[in-house]
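Accompanying notes for the structure given below.
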Ligand SMILES: [Zn+2]
């Protein structure tokens, strides 16, 4: 099958956004006791990382600042550095624990660009495997997705905790 380069498809299925006026990334960033339920993998000084619960692919990670800012231009230098420092951990973890062969890494800025949570900027890290384009249809079932999320979370966490390198 020939693949067509269609970057908007990558981000099409995303984390549900603002629920009842509450930003999901803000609520997840504030409740540390629910980190396991929210699949939070890492908490840095300014930014945190979690699994996308509406993944494009198995192991789809989001990295966001704690601050509710919309625009790349609003990020401080410290936040930018930390987002990419956490990205390095994520890429290493995905390669070593899940055998990721490649990555799509990027920001969607604004609704028109397909951002699901447009008011709170976040970086997507989507691991890719050869022949993975049929993943979402296979994972169309909510129960299977939640099992896949738990499985990915348990495999990735030791790398984010520094137990495995
Ligand atoms: Zn927010």
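Residue numbers (the numbering used here): -5 to 159. We put the CB at the ideal spot given by N, CA and C, even for glycine. Keep in mind the model is a prediction, meaning the values are calculated, not measured.
Straight-line CA distance for residue 102 to residue 116?
Cα to Cα, the separation comes out at about 8 Å.
Who are residue 41's beta bridge partners in DSSP?
The partner list for residue 41 (beta bridge, DSSP) reads 59.
Residue from 54, 75 and 33 whose Cα sits closest to the Cα of residue 144
Nearest Cα to residue 144 within the set 54, 75 and 33: 33.
From this set, 39, 104 and 51, which residue's C-alpha is nearest residue 76's C-alpha?
The alpha carbon of residue 76 has as its nearest neighbour, out of 39, 104 and 51, the alpha carbon of 39.
Which of helix, strand or coil DSSP assigns to residue 52:
In the structure shown, residue 52 falls within a coil segment according to DSSP collapsed to helix, strand and coil.
How is residue 101 classed by DSSP in three states: helix, strand or coil?
Looking at residue 101 - three-state DSSP - the assignment turns out to be strand.
Over the uninterrupted alpha helix (DSSP H) stretch that includes residue 88, give me the two end residues.
If you look at residue 88, you'll find it in the alpha helix (DSSP H) that goes 71 to 92.
Who are the Cβ neighbours of residue 22 in its own chain at under 7 Å, not counting the five residues just before and after it?
A distance below 7 Å between beta-carbons, with the five flanking residues on each side excluded, links residue 22 to the following residues of its chain, in chain order: 32, 34 and 44.
Following a CB-centred definition, is residue 56 positioned closer than 6 Å to any heavy atom of ligand 1?
Closer than 6 Å to some heavy atom of ligand 1: that does not describe the Cβ of residue 56.
Looking at the strands, I want to know which residues DSSP matches up with residue 36.
Answer is 43, bridged to residue 36.
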